[in-house]
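First up is the structure itself, then whatever we jot down about it.
Protein chains in written order, with this note's numbering: chain A, 1 to 244; chain B, 1001 to 1226.
What follows is the structure, encoded as structure tokens:
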């Protein structure tokens, strides 16, 4: 089982290296600054460490019912932390188990769940195969630039979309605190910890940005997200210790 | 066409060929793995049950995949897009990571520079995840008690709020006019319809649409004044 999953994970790791080397070389060929590309790599590596540990916890959480190799494969390739547990649970129920439990798991149920988990989330890849080239060409075509300056707006639109994404999550923490948990609607019975973590993380980020902009410490930018996250996550442990 | 544009065009075309090829291979491997596991365990997947399960839980994710594809592909570009859809974890890692990298080096959407930065960023993040998971799985027995220590659980339960708190400050501070309304609308929606909290990933679409709408109005106004 480890071998089956390991081969696929290794294949994907090699694909990542190939894409990375090609992009780096193409960047040099079109005259991009080497330092910028190295900063991108450093910033992305530090950025990814903590979420990766979070994903590892997802592997551990699922390993109780599905063993270790399958969750390892699923969360290394194509999977998503918020998706895997829900789909594995739903698939287990749909094939007649009372839930995702090791006690009820049979070999047939296991392989069926593994197939359903792949079937449900593979569509982004399928669409990429069939539509990526046309879709990106259309977005970058001169025609779209003529229609009301849409190309010039592209950069702002991407930032706005990201702001929308973050707003949805922060809104869910606010809603969860005010109307979630045992308190019910407007009962303030939900957990305020995620909201506190958001605030601490934002405050630490403000300090990092201040250091980068006012104290000319540009190097902190590469570590600012990871640093903010560590401090905010540590705060969550401390707050929880005090509260309980 | 300048020499640099020509080099980039060639690179981009090859990226699509490579991307399609590796996506196809990954799909075959992923769909084939349960059957190979079945051969190893002596129990093949039950196809009618898998079909039933897909109809029960998969349709929602199919719709979600369409939305994710349409929204995130322009952010990620060609190379980054193929890689991100192969390696997954888009919302909680790849998208913020690529946006952060783009911001640090000041790359603009749709430019060759953005394409390169996005690919480098997502490839690096994916490799880090693969490495952390591989090491974590190898050390699962000694690591498990530490990672599952109840005292540390609040930290790991709040990885996403910690990520979005930092990103919110970074992006909201220069775009308060864009951020205020979607944040208020989403907060009110989740307060008065708390059942939606479990569907937050689907609420990104209306929230993003509001933010883009406001950004477009501000953009038009700025252009009219200019």
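Quick reminder that beta carbons are idealized off the backbone N, C-alpha and C, glycines included.
Problem set entry | Residue span of the alpha helix (DSSP H) that contains residue 7(A), given as start and end | As a first step, residue 7(A) is located in the first chain; it is residue number 7 there, counting from the start. Per DSSP, residue 7(A) belongs to the alpha helix (DSSP H) from 2-29.
For this session: Determine the direct distance from the alpha carbon of residue 40(A) to that of residue 1020(B), and round the result to whole angstroms.
Result: Along the second chain, read from residue 1 onward, the residue named residue 1020(B) stands at position 20. Along the first chain, read from residue 1 onward, the residue named residue 40(A) stands at position 40. Rounded to whole angstroms, residue 1020(B) to residue 40(A) spans 25 Å at the Cα level.
Exercise. Which two residues bound the contiguous alpha helix (DSSP H) that contains residue 1206(B)?
Worked result: For the purposes of this step, residue 1206(B) is taken as the residue at position 206 of the second chain. Looking at the DSSP string, the run of the alpha helix (DSSP H) that includes residue 1206(B) is 1200-1225.
Exercise. Which value, in whole angstroms, describes the spacing of the CA atoms of residue 48(A) and residue 1034(B)?
Worked result: Translated into positions along the first chain, residue 48(A) becomes position 48. Translated into positions along the second chain, residue 1034(B) becomes position 34. Those two C-alpha atoms are separated by around 29 Å.
For this session: With 8 Å as the limit, tell me which residues of the segment 210-226 of chain A have their beta carbon closer than that to any beta carbon of chain B; keep them in chain order.
Result: The segment 210-226 of chain A vs chain B, Cβ under 8 Å: 221, 222, 224 and 225.
Exercise. Does any CB atom of chain A fall closer than 7 Å to the CB of residue 1141(B)?
Worked result: As a position in the second chain, residue 1141(B) is number 141, starting the count at 1. Not closer than 7 Å to any Cβ of chain A, the Cβ of residue 1141(B) fails to qualify, so no.
Problem set entry | Listed by chain order, chain B residues near residue 90(A) by CB distance under 8 Å | Counting from 1 along the first chain, the entry for residue 90(A) is found at position 90. The contacting residues are 1053, 1056 and 1057.
For this session: Could you list the residues in the segment 1029-1055 of chain B with a C-beta less than 7 Å from some C-beta on chain A, going in chain order?
Result: 1029, 1030, 1031, 1033, 1034, 1036, 1037, 1038, 1040, 1041, 1042, 1043, 1044, 1045, 1046, 1049, 1050, 1052, 1053 and 1054
For this session: Give every residue of the same chain whose Cβ lies closer than 7 Å to the Cβ of residue 62(A), excluding the five residues on either side of it in the sequence, and list them in chain order.
Result: The sequence position of residue 62(A) within the first chain is 62, counting from 1. Closer than 7 Å at the Cβ level, and outside the excluded window around residue 62(A), lie 71, 84, 85 and 88.
Exercise. So, helix, strand or coil for residue 96(A), using DSSP?
Worked result: The residue you call residue 96(A) lines up with position 96 of the first chain. If DSSP states are grouped into helix, strand and coil, residue 96(A) belongs with coil.
Exercise. Mind pulling the chain A residues with CB within less than 8 Å of residue 1177(B)?
Worked result: Counting from one through the second chain, the residue named residue 1177(B) turns up at place 177. Residues of chain A whose Cβ lies closer than 8 Å to the Cβ of residue 1177(B) do not exist; the shortest such Cβ separation is about 10 Å.
Exercise. How about residue 1166(B) and residue 225(A): do their beta carbons lie closer than 7 Å?
Worked result: Taking the second chain and counting its residues from 1, the one referred to as residue 1166(B) is at position 166. Taking the first chain and counting its residues from 1, the one referred to as residue 225(A) is at position 225. Result yes, Cβ atoms of residue 1166(B) and residue 225(A) sit closer than 7 Å.
Problem set entry | Residue nearest to residue 188(A) in terms of C-alpha spacing, selected from 177(A), 14(A) and 52(A) | Reading the first chain from its first residue, position 188 is the one you call residue 188(A). Here the closest residue by C-alpha is 177(A).
For this session: Please list the partners that residue 108(A) has in chain B, where partner means a Cβ-to-Cβ separation under 9 Å.
Result: Position 108 of the first chain, counting from 1, holds the residue named residue 108(A). Contact of residue 108(A) with chain B by beta-carbon distance below 9 Å involves 1038, 1041, 1043, 1044, 1045, 1046 and 1049.
For this session: Sort 1082(B), 1087(B), 1085(B) and 1119(B) by Cα distance to residue 1099(B) and report the nearest one.
Result: Working through the second chain from its first residue, we reach residue 1099(B) at position 99. Nearest of 1082(B), 1087(B), 1085(B) and 1119(B) to residue 1099(B), Cα basis: 1119(B).
Problem set entry | Residue-level contact to chain B via CB, residue 201(A), 7 Å cutoff | Reading the first chain from its first residue, position 201 is the one you call residue 201(A). It does; some Cβ of chain B falls within 7 Å.
For this session: Give me the Cα-Cα distance between residue 1195(B) and residue 175(A), rounded to the nearest whole angstrom.
Result: The residue you call residue 1195(B) lines up with position 195 of the second chain. The residue you call residue 175(A) lines up with position 175 of the first chain. Cα atoms of residue 1195(B) and residue 175(A): separation of roughly 10 Å, rounded to the nearest angstrom.
Exercise. Going along the chain, which residues of its own chain have a beta-carbon closer than 6 Å to the beta-carbon of residue 1092(B), five neighbours each way excluded?
Worked result: In the second chain, the residue the question calls residue 1092(B) occupies position 92. Correct list, in chain order: 1160.
Exercise. At which residues does the alpha helix (DSSP H) containing residue 131(A) begin and terminate?
Worked result: As a first step, residue 131(A) is located in the first chain; it is residue number 131 there, counting from the start. Per DSSP, residue 131(A) belongs to the alpha helix (DSSP H) from 123-139.
Problem set entry | Sequence-distant residues of the same chain with beta carbon closer than 7 Å to residue 1239(B), five excluded per side | This structure does not reach residue 1239(B), given that chain B is present from 1001 up to 1226, and the question cannot be answered.
Exercise. Could one say the Cβ of residue 142(A) lies closer than 7 Å to chain B's Cβ atoms, at least one of them?
Worked result: Looking up residue 142(A) in the first chain gives position 142. In this predicted model, residue 142(A) has a pLDDT of only 45, less than 50, meaning its place in the structure is not dependable; the value taken from the coordinates is given anyway. The beta carbon of residue 142(A) does not come within 7 Å of any beta carbon belonging to chain B, so the residue lies off that interface.
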